[in-house]
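J.: Okay, handing you the structure first.
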Ligand SMILES: Cc1ncc(COP(=O)(O)O)c(C=O)c1O
């Protein structure tokens, strides 16, 4: 029976990263994966993570299963990190949460909750969105609609088009929003625009579902949460899928959380119970290691301060690279790349055609997605000139 199954193509992004690793060209540039890389091209372990890990290893007495909702210290720390220490929703105990295997696991748990509440819900996703949203949420049985979002001509958000499309979202529908650092385009909503979306959710009754995988990598931990917090302040029900993969560098530890902001405490508890049943159906218990580390970091003033300052340095480096890349590209090509500096987080589209992206790969060993999405954090002092020259050569 199994021999009927055909071999499937590798995931596009992972496949490109593997092709880059196998490329013998010493000048190759890897801008494929959504992973932070430092000046040496390495994805570093945060000092705070290393310290928390040493303490954990010294103290750990058991590897017994985690509680189904995950580590309590992690849940409480993450609720405050995402929603803010003074969040009225937290004060009113209207928030429930479960630890999940990464942001992906949290998105899937969110999808299961939506499916349980409204089996016919349509999930509105931005065009473009992170391609993994489709299999992740779609495998719960949810249907999709898209709303226009990125305008390749202005290299910014086409907000009028977004609003026009979302006017069709109705009660029982879900609108998936990128909390910050939009993947793949890097173009984020301004705070006034978050206000407009919140008013539409109130008026039309759709449920905002916020994918929050990059808190702290755009402008800072608090700044990046402003839009999401505004939605939570104005809309009675919101689901959030947050991740510690990027902002704590815990990628392989699969550390995420699904947060449910509800109308009241009883409903928040009901949603947690639903999430636990959904988790039991899929993976039973969340993994321990990453959440135990993140929980410790968030609960300790010293570790927290160290983590925040390292994250802040990462954020400043990304924004510095954005400025440097903009100027280098403009210098080499004579064209306007100002949008790179305006966009946020690790991703931007360079605005190349798939043919140009392909030529960069085959002729110059510069690896980016066919859409010309680049990971800005893959740029460094050693490759920036080569990269800008290569891009200019295919324009
Ligand atoms: C937009 C978006 N959402 C969610 C995630 C989930 O990340 P993870 O499952 O690694 O925490 C990612 C990771 O790349 C992402 O880009």
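In my numbering, the protein residues as written are 391 to 785. No residue lacks a Cβ here, since even glycine has one placed at the ideal position from N, Cα and C.
Using 8 Å as the threshold, is the C-beta distance between residue 458 and residue 632 below it?
T.: No, the Cβ-Cβ distance between residue 458 and residue 632 is not below 8 Å.
J.: CA-CA distance, residue 521 and residue 476?
T.: 34 Å
J.: Does the separation of the CB atoms of residue 437 and residue 700 fall below 8 Å?
T.: yes
J.: Around the C-beta of residue 489, are 16 or more other C-beta atoms found within 10 angstroms, so that it is buried, or is it exposed?
T.: buried
J.: With residue 697 as the anchor, note down where its alpha helix (DSSP H) starts and where it stops.
T.: 691-723
J.: Where in the region 438-462 do unbroken runs of the beta strand (DSSP E), each at least 3 residues long, occur, reported from the N-terminal end onward?
T.: none
J.: Restricting to Cα atoms, I'd like to know which of 491, 430, 392 is closest to residue 642.
T.: 491
J.: Assuming contact is defined by CB atoms lying nearer than 8 Å, are residue 526 and residue 481 in contact in what I supplied?
T.: For the pair residue 526 and residue 481, the CB atoms are not nearer than the 8 Å cut-off.
J.: Could you check if residue 415 is buried or exposed, using at least 16 other CB atoms within 10 Å of its CB as the buried criterion?
T.: exposed
J.: Straight-line CA distance for residue 679 to residue 408?
T.: Spanning the two alpha carbons is a distance of roughly 27 Å.
J.: Using 10 angstroms around the beta-carbon of residue 422, count the other beta-carbons present and answer buried if the total reaches 16, otherwise exposed.
T.: buried
J.: Looking only at C-alpha atoms, which of 545, 534, 473, 564 sits nearest to residue 503?
T.: 564
J.: Note down the Cα distance separating residue 659 from residue 432, rounded to an integer number of angstroms.
T.: 41 Å
J.: Looking at residue 735 and residue 570, is the spacing between their C-beta atoms short of 8 Å?
T.: Going by C-beta atoms, residue 570 is nearer than 8 Å to residue 735.
J.: If we ignore side chains and look at the alpha-carbon of each, how far apart do residue 710 and residue 771 end up?
T.: Cα to Cα, the separation comes out at about 11 Å.
J.: Determine the burial state of residue 761: buried for a count of at least 16 other Cβ atoms within 10 Å of its Cβ, exposed for fewer.
T.: buried
J.: Use the C-beta contact count for residue 391: other C-beta atoms within 10 angstroms, 16 or more gives buried, fewer gives exposed.
T.: exposed
J.: Which residue marks the beginning of the beta strand (DSSP E) containing residue 649, and which one marks its end?
T.: 645-651
J.: Let me know if residue 614 comes out buried or exposed under the rule of 16 or more other beta-carbons within 10 Å of its beta-carbon.
T.: buried
J.: Between residue 584 and ligand 2, is there a pair consisting of the residue's CB and a ligand heavy atom that are separated by less than 7 Å?
T.: Ligand 2 is absent from the structure shown, which contains only ligand 1.
J.: From the DSSP output, read off the bridge partner residues of residue 764.
T.: 738
J.: Which residue wins for smallest C-alpha separation from residue 562, given the options 542, 708, 534?
T.: 534
J.: Quick one: Cα of residue 448 to Cα of residue 468, how far?
T.: Answer to the nearest angstrom: the Cα atoms are 24 Å apart.
J.: When DSSP labels each residue in this structure, what does residue 743 get in the three-state scheme?
T.: coil
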